[in-house]
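Quick note on numbering that gives the first Met the number 0: the sequence shown kicks off at 0 and runs consecutively. All C-beta atoms, glycine included, are put in the ideal place defined by N, C-alpha and C. Nothing here was measured: the structure is a model prediction, and the numbers come from that model. Working notes, structure below.
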Amino acid sequence: MNSRLRYAASTLLGISIAAILLLGFPDVNSSRAKARAVVPAAELRTGTTAIAGEPVTLSPASLKTWGHYFRWAEEHWYCGAPSHAFEVNPEPEAIPGSIVAGYHHRYDPGAAVAGCPDGDSFAYRGTVWFDLSDIEKKAAALHVSVQSATLHFKPSGECPTELLYATADWLKGYPDNTLVPGDPAPIAKFGAWTSSFAPCPPEGCTVDVKTVVNNWLAGEEHGGYANYGFVFKGRQEGDSRFKETFACINRYQDFTLTVDYTSDKEMVKSVPDSYPLVCRGTYALKIMDFDGPVPFRWVGFNFIPGTGPAKNGLKAGQCSWLDRGMRADEPDRLAQPIEYTQVWNKELNSSDSYWTFNVYNAGDQLQATGAERSKNPGIDVAKPGDSIPGGDKLAVAKTNFALASRGAMANSSPI
Numbered sequence: 000m001n002s003r004l005r006y007a008a009s010t011l012l013g014i015s016i017a018a019i020l021l022l023g024f025p026d027v028n029s030s031r032a033k034a035r036a037v038v039p040a041a042e043l044r045t046g047t048t049a050i051a052g053e054p055v056t057l058s059p060a061s062l063k064t065w066g067h068y069f070r071w072a073e074e075h076w077y078c079g080a081p082s083h084a085f086e087v088n089p090e091p092e093a094i095p096g097s098i099v100a101g102y103h104h105r106y107d108p109g110a111a112v113a114g115c116p117d118g119d120s121f122a123y124r125g126t127v128w129f130d131l132s133d134i135e136k137k138a139a140a141l142h143v144s145v146q147s148a149t150l151h152f153k154p155s156g157e158c159p160t161e162l163l164y165a166t167a168d169w170l171k172g173y174p175d176n177t178l179v180p181g182d183p184a185p186i187a188k189f190g191a192w193t194s195s196f197a198p199c200p201p202e203g204c205t206v207d208v209k210t211v212v213n214n215w216l217a218g219e220e221h222g223g224y225a226n227y228g229f230v231f232k233g234r235q236e237g238d239s240r241f242k243e244t245f246a247c248i249n250r251y252q253d254f255t256l257t258v259d260y261t262s263d264k265e266m267v268k269s270v271p272d273s274y275p276l277v278c279r280g281t282y283a284l285k286i287m288d289f290d291g292p293v294p295f296r297w298v299g300f301n302f303i304p305g306t307g308p309a310k311n312g313l314k315a316g317q318c319s320w321l322d323r324g325m326r327a328d329e330p331d332r333l334a335q336p337i338e339y340t341q342v343w344n345k346e347l348n349s350s351d352s353y354w355t356f357n358v359y360n361a362g363d364q365l366q367a368t369g370a371e372r373s374k375n376p377g378i379d380v381a382k383p384g385d386s387i388p389g390g391d392k393l394a395v396a397k398t399n400f401a402l403a404s405r406g407a408m409a410n411s412s413p414i
């Protein structure tokens, strides 16, 4: 076989292997690419002085207990009014500086024959809010870095309880008989009934809340979330027919939040120009650790490069520029700090989810400086209140932050 035939055969074999890897394993596909001119990571913090602040221990600025009532009764032609019900709200006594969380169920099975079961349920959540404004005044958003943050409290009772961060602004008032919502994933679980709920020691519970406080200090506009405080949630609640008469309510008090942080006293340089890259999710998406500028932990994903503009449509797992396809010398993986991925890293596991990332080419990967939820088709950026696939309304559609430089403003412009 002459050299030309050997070269052609080798090329064909390489293309075939690459195609198999791309189609069968989109989450492990990666390449090295030629970088545009970018500011080296070491220069992104030029002129910045990191100042270590004194650890701050805060007391709660606001505490509140929220109650929710649900009553039920089976309806049969022979049933009259329910036999009895709670005469008063069985919420524990209101004691300054404390909150409660838990539940109280009443169940009456009725007669053994032709019975008319009925019941009542009270559920309670407690909220605690700390004022972080003194820390926020030290530097602009993304120029304060939390080194550690611990929430300490003492419980009375042994009921299994979950600690969440609040997702509703209860500080400005909240509907009666409505429990304050919290993030579905608990920060911590504690109690004494099962092995998954560790009991608190006599001196009280201490919970690591560094990630939460970092996101509160960043704020929604920079990829974090609003500070609505913590939520203590009992294990059994909801508008359900609990077939038991039982109560388990904990009281919590002696709250403190200790925050150790550093701050940047001078503004840093701008990050390189960023450009819109549109990505469509896939059920096989795998989030992995990647390298990136310190002090963040960078995570991201490999994707299938789009051969045409994103506005012409994307396959599941594809990313492409808004107005043209991706070139062979451009990276096929995207990275950003893990602190700012709370939304898209969950949603992009669905092929119905589209996100537009503002990115710059860092050589071996595209580094994100912002993220916006997008629609399909048309890739128009969704605004708060817009409908998204599935018919829901979008509550928070956009984050805009300068991730690589901890505070520099990113410029979005077409390629």
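- Here ARG326 is exposed, its C-beta having fewer than 16 other C-beta atoms within 10 Å.
- When the beta-carbon positions are compared, GLY125 and PHE231 come within less than 8 Å of each other.
- Under the three-state reduction of DSSP, TRP343 is assigned to helix.
- Residues of the same chain with a CB within less than 6 Å of the CB of LEU347, apart from the 5 flanking positions on each side, are GLY280 and LEU284 in chain order.
- Separation of GLY362 and ASP328 (C-alpha to C-alpha, rounded to the nearest whole angstrom) is 10 Å.
- HIS221 carries a helical assignment under DSSP once its states are collapsed to helix, strand and coil.
- Of the residues LEU150, GLY316 and GLY291, the one whose Cα lies closest to the Cα of LEU57 is LEU150.
- Rounded to whole angstroms, SER262 and GLN146 show a C-alpha spacing of 10 Å.
- In the three-state scheme derived from DSSP, where H, G and I count as helix and E and B as strand, THR210 is classed as helix.
- In the DSSP assignment, GLU73 falls outside any beta strand (DSSP E), carrying neither H nor E.
- By the CB criterion at 8 Å, ALA100 and TYR77 fall outside the cutoff.
- Contact between PHE129 and PRO59 holds, with the beta-carbon distance rounding to 6 Å and staying under 8 Å.
- A straight line joining the alpha-carbon of TYR164 with that of ASP175 spans about 20 Å.
- For the options GLY233, SER350, GLY237 and THR355, the alpha carbon positioned closest to that of GLY316 is the one of SER350.
- The stretch 242 to 253 makes contact with the stretch 94 to 110, as at least three CB pairs between them are under 8 Å.
- When GLY307, ASP272 and LYS314 are compared, the shortest CA-CA separation from ALA367 is found for ASP272.
- Comparing C-alpha distances from VAL212 to each of VAL143, GLU161, LYS242 and ALA167 shows the shortest one belongs to VAL143.
- Inter-segment contact for the stretch 173 to 188 and the stretch 129 to 138 is absent: fewer than three beta-carbon pairs are separated by less than 8 Å.
- DSSP places ILE98 outside any alpha helix (DSSP H); the residue lies instead in the beta strand (DSSP E), whose first and last residues are 97 to 107.
- If you check the CB distance, HIS67 and CYS115 do not come in under 8 Å.
- Annotated three-state conformation of ILE134 is helix, per DSSP.
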